[in-house]
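>
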């Protein structure tokens, strides 16, 4: 075991040569020129400027097969002026009159909409970029790309677009200000690709071909956008985004009178260079951010909820993607958790083609004398190496700025993490992996305060295999991170998995095959603490539906007391051993129909020789493009010996999204969770009266399930304005 942990970094050397190769789609080039006349963004292809541009066409199919041209014909034209990058796309409909969209909601669900997306590698590094697009009803899409193509849709910026629908085609036209994106000045080559999805024929395609095992957003497979001259420097790039909000809250449980709290604050974005940005925030308010979807928690460890706050999102991969899903030295949701953020600053972006930098500093206050004020500082540096790989360094510092032993003895005066990692990504994305080391510094903790992890993954159309291992020391501490397994007081872990797909010629099925996953934990003495084997068989249909059946074998030796219902009742003792087996299924419908569904089930054993049956389902119906209705439910039936006996846990609730226009949205959902003894109701009205400028009205209620008595209530009115200087 130790030998494997030590040798893994050297294994990378055997496949690094595959990371030094020519850009796969170098021959796919689009030559862009300055517009010969003004462009009006209206979704009508009648501007004279478009007649003088090249046309990108003859798209390649990605799914269901990647061996032919697309059946859905697409024409793309691009040009620019000193302020904007323009794009015109004519999406010819393979089925006349055909149109499948979910709603007019911004940043729509990719898999549920006919859409066109643009992916731009503005640094020509095959790693970072931007995505823009729209669905066939005109809902816009924008996101920032990192780690080779992952699109973060939480990123939002100022640009305009329009869609016009006809019986035989739909046309998308957009103007993207150079001030809204980051790019390396002086270069005349960007990576670029165009992606088209048409659900009427269950097809996804792209201009530069992408193998079907990879997403169309993969920057490894972009073509080349060739500029006639370097794109214009955007000039002074300063945006001021003030807000004003009024919050009304009422605590009915404690009979506290209604409180009214007016708040003002805002953000400033300063483009230091076309590729380096400075963000400042004072007294930020995040009341309009989507409420977290609740989860039934039957785990022994902390659940993960994603960051949604705008200030933390641009270039978020620099900070948040260091490490692994369960070993993160920095997790921004630790900042401002139950306490106000007073101010913050963040500089992030590209220094040059090979170097990226991120610096973050945030000061929080406190709501009582027992919680210190804290300053959070993060420094991240990334160096591009080989074709698409990189080396990263990170330093995370948390300091209590008004710490006194008498008042704050329950907290540490400081906590620091320092780390480095190598991220491997071969030129064609066949090989990916990571080697990581982290060390923490905490008062009173020394020795065995580091962690190491590594993985290596091989991906082809029909074969995927991966090896991952982790070591976390008993004194490793990441107070600003997310390391749920750290409560094990040190562990070793391996997670190998392998999957194989058989591609077949069938009128309905595209592929099927098995997958084997193993997760095994040992404690510091190399005694087994957890082991899980999962063998599944997966079937993929041409219409995007999927079916999987699986069986698992589980072993757990508890390292601390645990209540298997998480209701705060009796606990199982430390050191007790538990074995069980389970079977299950997962079904996801194709997205073409207006009625969609997914369902999964578990039938099998549980702790203390008990039984656990679980059924999770989600039903959706759309009245396109204006209304999307979803009903979700999660039911657990747990049967254990005394003192638990039978426990039934319900988490159910409807969600309704109404998109009146591309600028007016209403969302409401209710969640009933008997594990938390709560019913939550949330409703949000958003009016985007100008690009990136909004008016929000947010209403939240929490009730007792047994009598619908109100626990607490809040209403927020918030106004934001995006002002470019």
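Residue numbers (UniProt numbering): 1 to 725.
For each residue, glycine too, the CB sits at the ideal point set by N, CA and C.
For clarity, every value in this text was computed on a predicted model and none was experimentally measured.
#1: Opposite residue 585 in the DSSP bridges: which residues?
#2: Less than 8 Å between CB atoms is the rule here; does residue 266 satisfy it with respect to chain C?
#3: In its own chain, which residues sit with a C-beta less than 8 Å from the C-beta of residue 287, not counting the 5 before and 5 after it?
#4: Whole-angstrom Cβ separation of residue 174 and residue 119, contact assumed at under 8 Å?
#5: Helix, strand or coil for residue 185 per DSSP?
#6: In the structure shown, what three-state DSSP assignment does residue 121 receive?
#7: Given a cut-off of 8 Å on the beta-carbon distance, is the pair residue 291 and residue 171 in contact?
#8: Compare the C-alpha of residue 179 against each of 122, 301, 681 and name the closest.
#9: Counting only runs of 3+ residues fully inside the stretch 140–214, write out the beta strand (DSSP E) ranges in chain order.
#10: Kindly identify the DSSP beta-bridge partner or partners of residue 483.
#11: Near residue 434, what residues of its chain come up, given a Cβ to Cβ distance below 8 Å and the 5 sequence neighbours on each side ignored?
#12: Count the other CB atoms, across all protein chains shown, that sit within 10 Å of the CB of residue 479; report buried if there are 16 or more and exposed otherwise.
#13: If we count Cβ pairs, one from each stretch, closer than 8 Å, do we get three or more for the stretch 368–385 versus the stretch 100–120?
#14: To the nearest angstrom, how far is it from the Cα of residue 723 to the Cα of residue 319?
#15: Within the continuous beta strand (DSSP E) that includes residue 408, where are the two ends?
#16: Is the stretch 188–198 touching the stretch 206–220 in the sense that three or more CB pairs, one from each, lie closer than 8 Å?
#17: Roughly how many angstroms separate the alpha carbons of residue 392 and residue 153, rounded to a whole number?
#18: Grouping DSSP H, G and I as helix and E and B as strand, with all else coil, what is residue 114?
#19: Is it buried or exposed, residue 167, if we count other Cβ atoms within 10 angstroms and call 16 or more buried?
#20: Taking the alpha-carbon positions, what's the residue 72 to residue 471 distance?
#21: Output needed for residue 260: all residues of its chain with C-beta closer than 8 Å, excluding positions within five of it in sequence on either side, in chain order.
#22: What would DSSP say about residue 352, mapped onto helix, strand or coil?
#23: Using only the alpha-carbon positions, how far apart do residue 297 and residue 495 sit?
#24: State buried or exposed for residue 736, treating a residue as buried only when at least 16 other CB atoms are found within 10 Å of its CB.
#25: Suppose only complete runs of 3+ residues qualify. What are the beta strand (DSSP E) ranges in the UniProt domain "DUF5916" (238–341), listed by chain order?
#26: From residue 618 to residue 541, what distance separates their C-alpha atoms?
#27: Are the stretch 73–81 and the stretch 33–40 in contact at 8 Å, needing three or more beta carbon pairs?
#28: Pull up the CB-CB distance for residue 388 and residue 427, whole angstroms please, since I reckon it's below 8 Å.
#29: Could you give the residue range of the beta strand (DSSP E) that holds residue 685?
#30: So who's on the other strand from residue 596, going by DSSP bridges?
#31: At what residues does the beta strand (DSSP E) containing residue 542 begin and finish?
#32: DSSP has residue 514 in a bridge; who is on the other side?
#33: In this structure, does DSSP put residue 56 in helix, strand or coil?
#34: Would you kindly work out how many angstroms separate the C-alpha atoms of residue 466 and residue 459, rounded to a whole number?
#35: Going straight from the alpha carbon of residue 128 to that of residue 278, what length do you get?
Reading off the structure:
#1: Residue mapping note: residue 585 aligns to position 585 of the chain shown, counting from 1. Beta-bridge pairing links residue 585 to 549, 601.
#2: The question asks about chain C, but that chain is absent: this structure has only one protein chain.
#3: Within the chain shown, numbered from 1, the residue matching residue 287 stands at position 287. Within the same chain, residue 287 has close Cβ partners 245, 247, 696, 698, 716, 718.
#4: Counting from 1 along the chain shown, the entry for residue 174 is found at position 174. Counting from 1 along the chain shown, the entry for residue 119 is found at position 119. Residue 174 to residue 119, Cβ: 14 Å. No contact.
#5: Taking the first residue of the chain shown as position 1, residue 185 is located at position 185. The answer is coil: DSSP assigns residue 185 none of H, G, I, E or B.
#6: The count along the chain shown starts at 1 and reaches residue 121 at position 121. Three-state DSSP puts residue 121 in a strand.
#7: Here residue 291 refers to the residue found at position 291 of the chain shown. Here residue 171 refers to the residue found at position 171 of the chain shown. Going by C-beta atoms, residue 291 is not nearer than 8 Å to residue 171.
#8: Indexing the chain shown from 1 puts residue 179 at position 179. Selected option, being the one with the closest Cα: 122.
#9: 140–146, 150–152, 160–165, 169–177, 189–198, 203–206
#10: Here residue 483 corresponds to residue number 483 of the chain shown, with the count starting at 1. None; residue 483 has no bridge partner.
#11: Here residue 434 is taken as the residue at index 434 of the chain shown, counted from 1. Once the five neighbours on either side are set aside, the close Cβ partners of residue 434 are 324, 421, 422, 423, 424, 453, 454, 455.
#12: Translated into the one-based positions of the chain shown, residue 479 becomes position 479. The residue in question, residue 479, is buried, as its Cβ has 16 or more Cβ neighbours within 10 Å.
#13: no
#14: Within the chain shown, residue 723 is the residue found at index 723, counting from 1. Within the chain shown, residue 319 is the residue found at index 319, counting from 1. About 27 Å.
#15: For the purposes of this step, residue 408 is taken as the residue at position 408 of the chain shown. No beta strand (DSSP E) holds residue 408; the alpha helix (DSSP H) holding it covers 405–408.
#16: yes
#17: Stepping through the chain shown from its first residue, residue 392 is reached at position 392. Stepping through the chain shown from its first residue, residue 153 is reached at position 153. Straight-line Cα distance between these residues: approximately 23 Å.
#18: Taking the chain shown and counting its residues from 1, one reaches residue 114 at position 114. It is coil, neither helix nor strand.
#19: As a working note, residue 167 is residue 167 in the chain shown. With fewer than 16 Cβ atoms within 10 Å of its Cβ, residue 167 is classed as exposed.
#20: As a position in the chain shown, residue 72 is number 72, starting the count at 1. As a position in the chain shown, residue 471 is number 471, starting the count at 1. The straight-line gap from Cα to Cα measures roughly 49 Å.
#21: Locating residue 260 in the chain shown gives position 260, counting from the first residue. Cβ neighbours of residue 260 beyond the five flanking positions: 246, 247, 248.
#22: Along the chain shown, read from residue 1 onward, the residue named residue 352 stands at position 352. Residue state, collapsed to three classes: coil.
#23: Looking up residue 297 in the chain shown gives position 297. Looking up residue 495 in the chain shown gives position 495. Cα to Cα, the separation comes out at about 23 Å.
#24: Residue 736 is absent from the structure shown; the chain starts at 1 and stops at 725.
#25: 238–251, 256–273, 276–282
#26: Within the chain shown, numbered from 1, the residue matching residue 618 stands at position 618. Within the chain shown, numbered from 1, the residue matching residue 541 stands at position 541. About 19 Å.
#27: yes
#28: Residue mapping note: residue 388 aligns to position 388 of the chain shown, counting from 1. Residue mapping note: residue 427 aligns to position 427 of the chain shown, counting from 1. Rounded, the Cβ-Cβ distance is 6 Å, consistent with contact.
#29: Walking along the chain shown from the start, residue 685 turns up at place 685. Counting along the chain, the beta strand (DSSP E) containing residue 685 begins and ends at 678–690.
#30: Counting from 1 along the chain shown, the entry for residue 596 is found at position 596. Residue 596 pairs with 620.
#31: Numbered from its first residue, the chain shown carries residue 542 at position 542. Unbroken run through residue 542: none, as it is neither H nor E.
#32: Your numbering for residue 514 matches position 514 in the chain shown. According to DSSP, residue 514 bridges with 537.
#33: For this step, residue 56 is matched to residue 56 along the chain shown. Looking at residue 56 - three-state DSSP - the assignment turns out to be strand.
#34: Along the chain shown, read from residue 1 onward, the residue named residue 466 stands at position 466. Along the chain shown, read from residue 1 onward, the residue named residue 459 stands at position 459. Looking at the two C-alpha atoms, the distance is approximately 9 Å.
#35: Counted from its first residue, the chain shown places residue 128 at position 128. Counted from its first residue, the chain shown places residue 278 at position 278. Straight-line Cα distance between these residues: approximately 18 Å.
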